[in-house]
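Q:
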Amino acid sequence: MNAVSELGARLRQARTEKNLSIDDIQALTKIQKRYLHGIEEGNYEAMPGPFYVRAFIRQYADAVGLHGDELLEQYKNEIPAATRTSSPPLAASTASRSRNYRLGGGVSGGNRLMEIFPMILVALFVIAILAIAYVLSQRAPVDPPVEDGGETEIIIETQDPEPAAPAEDEEADETTSEEETEEEPEDEVVVTESGISGEDSYYDVSGTDGVTVNITFTGDSWLSIQNAAGQELLPVARVYNAADGDVSFPLPEEGSYRVRIGVTSAASVSINDVPVNYQTGRVTENLYFNWTTE
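For the sequence shown, position 35 (counting from the first letter as 1) is numbered 35 according to the UniProt record's numbering, and the numbering increases by one without interruption.
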């Protein structure tokens, strides 16, 4: 038995040990049975060429659990001498495969189609998704962007200019106002400074049934108004500036309140139009007002 026959015998023995038939090897490797028999018998004359001989041996060995490259290395001196083939067998083999394919026996072509068929389905699915997305994007109405300032204004005092009244009307209005003042005297608020501690200034407010805190800004300054429980009374404490105008906040009831000014030099505070004097030498100031009606 020559070296090549030993290679075929070794492959046949490995196949037998795994209880595999030639048909099983054909299904695993997609190699025609006549080539598999040729490998086991050491007959390489019917092979398409030396390249196919080595490829078929490697596939056969891998199918039965042997290392194909090691076998090719072990028999590298014998395999080339047993694979002298001319071009006619290659043409005959090609014609045979073409004939088998036309007759419906083209196993390799069918498997190739089964391999690419899922990819074709995936491609068609992706194209359909993109087409649907494009159509929906063309139909979707484009709404104008809505600006959300995220800020809530309290009271912005704005006054429209009034036409000048005749001098006689002004005198009459002044006379009427003086008479109304004499007849219905208004409560006058009294703001008294009661103490200073660091950046905290304390004031007593009395003499009126209603108190409104007015803040005028000449620059950027933080503003916060809280009650005695520490609850923020403004919708949101934030930085105000001159563009916001004057901020007026009526105190809801008697009690203690804290007005925090972030930059004292950029804001002025008054109670019912009575200016509140506080420390401007500090950047931040807390003004505590204790309001009583007595």
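Here a beta-carbon is modelled for each residue, glycine too, at the ideal position from N, C-alpha and C.
#1: Taking TYR203 as the reference, which of TYR240, LEU234, ILE215 and ASN286 has the closest Cα?
#2: Pick out whichever of SER248, TYR44 and GLY195 has its Cα sitting closest to the Cα of VAL213.
#3: Please classify GLY38: does DSSP put it in a helix, a strand, or coil?
#4: In the DSSP output, what is GLU285 paired with across the bridge?
#5: Looking only at its chain, what residues have a beta carbon closer than 8 Å to the beta carbon of GLY68, apart from the 5 residues adjacent to it on each side?
#6: Give me the Cα-Cα distance between PHE217 and GLU294, rounded to the nearest whole angstrom.
#7: Using only alpha-carbon positions, find the residue among GLY8, ILE25 and LEU28 that is nearest to GLY42.
#8: Kindly list the residues whose CB is nearer than 6 Å to the CB of SER206, restricted to its own chain and excluding five residues on each side of it in sequence; keep chain order.
#9: Taking 7 Å as the line, does the beta carbon of SER21 fall inside it for any heavy atom of the ligand GTP?
#10: What is the C-beta distance between ARG258 and TYR288, in whole angstroms, given that I count them as a contact (C-beta under 8 Å)?
#11: Do you know how far the Cα of SER21 is from the Cα of ALA27?
#12: Assuming ILE261 contacts VAL211 under a Cβ cut-off of 8 Å, what Cβ separation, rounded to an integer in Å, is found between them?
#13: Helix, strand or coil for ILE129? Go by DSSP, reduced to three states.
#14: Quick check: what's the CA-CA separation for GLY195 versus GLY245?
A: So, from the data block:
#1: Taking the first residue of the sequence shown as position 1, residue 203 is located at position 203. Out of TYR240, LEU234, ILE215 and ASN286, ASN286 has the C-alpha closest to the C-alpha of TYR203.
#2: The residue you call residue 213 lines up with position 213 of the sequence shown. Minimum Cα distance to VAL213 is reached at SER248.
#3: Taking the sequence shown and counting its residues from 1, one reaches residue 38 at position 38. GLY38 falls in the helix class under three-state DSSP.
#4: Taking the sequence shown and counting its residues from 1, the one referred to as residue 285 is at position 285. In DSSP, GLU285 forms a bridge with ILE261.
#5: Taking the sequence shown and counting its residues from 1, the one referred to as residue 68 is at position 68. Result list for GLY68: ILE57, ARG58, GLN59, TYR60, ALA61 and ASP62, in chain order.
#6: Start at 1 with the first residue of the sequence shown, and residue 217 comes out as number 217. Start at 1 with the first residue of the sequence shown, and residue 294 comes out as number 294. Cα-Cα distance, rounded: 31 Å.
#7: By one-based count along the sequence shown, residue 42 stands at place 42. Comparing Cα positions, the closest option is GLY8.
#8: As a first step, residue 206 must be located in the sequence shown, where it is residue number 206. Apart from sequence neighbours up to five positions away, the residues of its chain that approach SER206 with a beta-carbon distance below 6 Å are VAL190 and THR292, ordered along the chain.
#9: Of the ligands one can find in the structure shown there are none, so the ligand GTP has no counterpart to examine.
#10: Numbered from its first residue, the sequence shown carries residue 258 at position 258. Numbered from its first residue, the sequence shown carries residue 288 at position 288. Yes, they are in contact, since the Cβ atoms of ARG258 and TYR288 sit about 5 Å apart, within 8 Å.
#11: As a first step, residue 27 is located in the sequence shown; it is residue number 27 there, counting from the start. As a first step, residue 21 is located in the sequence shown; it is residue number 21 there, counting from the start. Spanning the two alpha carbons is a distance of roughly 10 Å.
#12: Position 261 of the sequence shown holds residue 261. Position 211 of the sequence shown holds residue 211. Between VAL211 and ILE261 the Cβ distance is about 18 Å, and since that is not below 8 Å, they are no contact.
#13: Sequence index remark: in the sequence shown, residue 129 carries index 129 (1-based). Of the three classes helix, strand and coil, the one that applies to ILE129 here is helix, per DSSP.
#14: For the purposes of this step, residue 195 is taken as residue 195 along the sequence shown, with counting starting at 1. For the purposes of this step, residue 245 is taken as residue 245 along the sequence shown, with counting starting at 1. Taking C-alpha positions only, GLY195 is separated from GLY245 by approximately 30 Å.
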